[in-house]
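Novice: The structure is given below, and queries will be raised subsequently.
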């Protein structure tokens with residue numbers, strides 16, 4: 475993900491004008507957050523249906539609900555900054571969703587918890603980068619609200635990891 479601040483400007487012609495799209499840590503965060511939200515909503519639904527552990531099913535439902543609400547705030551911030559959001563998760567996220575869909579029930583919980591723990595840790599790091607380098611107040615406010623929730627989710631995932639790890643050893 476590029477954190478280089480630049481503005482792409484295409485020359486306007488009489489026939490058509492191409493809008494400038496802001497690029498930088500704020501826009502990058504909004505794009506990444508939106509794609510993560512799309513992924514989390516679907517991943518949460520998979521977990522709610524496929525997980526063997528009640529804890530993992532509950533986490534899936536919580537993640538889907540939270541990210542649906544968060545995506546509304548991300549979309550609003552993107553509109554205010556004229557950032558165009560993609561319509562689907564990125565290729566890595568799409569691959570992960572395919573893995574969730576294909577995972578046998580016996581392997582789903584471990585795959586879900588481990589991959590979600592990694593994703594939440596990445597989100598926390600990205601949030602820290604945006605807080606250090608971003609310039610837009612609307613994005614800073616969003617990140618300030620998101621990072622503590624990502625930490626809370628990561629902690630819950632770590633607990634779930636211990637639970638399912640212990641269950642697998644018995």
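Numbering (the numbering used here), first residue to last: 475 to 644. Built from N, CA and C at the ideal position, the CB exists for glycine as well.
(1) Determine, using beta-carbon pairs with one atom in the region 617 to 624 and one in the region 554 to 574, whether at least three such pairs fall under 8 Å.
(2) Could you give the distance in angstroms between the alpha-carbon of residue 519 and the alpha-carbon of residue 582?
(3) State the Cα-Cα distance for the pair residue 544 and residue 504, rounded to the nearest angstrom.
(4) Expressed to the nearest angstrom, what Euclidean distance is found between the alpha-carbon atoms of residue 564 and residue 577?
(5) Here's the rule: buried if 16 or more other CB atoms are within 10 angstroms of the residue's CB, otherwise exposed. What is residue 530?
(6) How many Å lie between residue 596 and residue 535 at the Cα?
(7) What residue does the alpha helix (DSSP H) around residue 529 start on, and which one ends it?
(8) If I follow the unbroken alpha helix (DSSP H) through residue 513, where does it start and stop?
(9) Grab the span of the alpha helix (DSSP H) containing residue 559 for me, first residue to last.
(10) Provide the residue span of the alpha helix (DSSP H) that contains residue 606, from first to last.
(11) Can you give the Cα-Cα distance for residue 502 and residue 510, rounded to whole angstroms?
Specialist: In this structure, then:
(1) With a cut-off of 8 Å, the region 554 to 574 and the region 617 to 624 do not count as touching, because too few Cβ pairs lie within range.
(2) Counting only the Cα atoms, residue 582 lies some 13 Å from residue 519.
(3) Taking the straight line from one Cα to the other gives about 11 Å.
(4) If you draw a straight line from the Cα of residue 564 to the Cα of residue 577, it is about 20 Å long.
(5) Counting Cβ neighbours within 10 Å, residue 530 comes out buried, since at least 16 surround it.
(6) When rounded, the distance between both Cα atoms is 21 Å.
(7) 528 to 555 is the extent of the alpha helix (DSSP H) around residue 529.
(8) Per DSSP, residue 513 belongs to the alpha helix (DSSP H) from 499 to 524.
(9) Where residue 559 is concerned, there is no enclosing alpha helix (DSSP H), given that its DSSP letter is neither H nor E.
(10) Counted as a single uninterrupted DSSP element, the alpha helix (DSSP H) harbouring residue 606 occupies residues 579 to 607.
(11) Spanning the two alpha carbons is a distance of roughly 12 Å.
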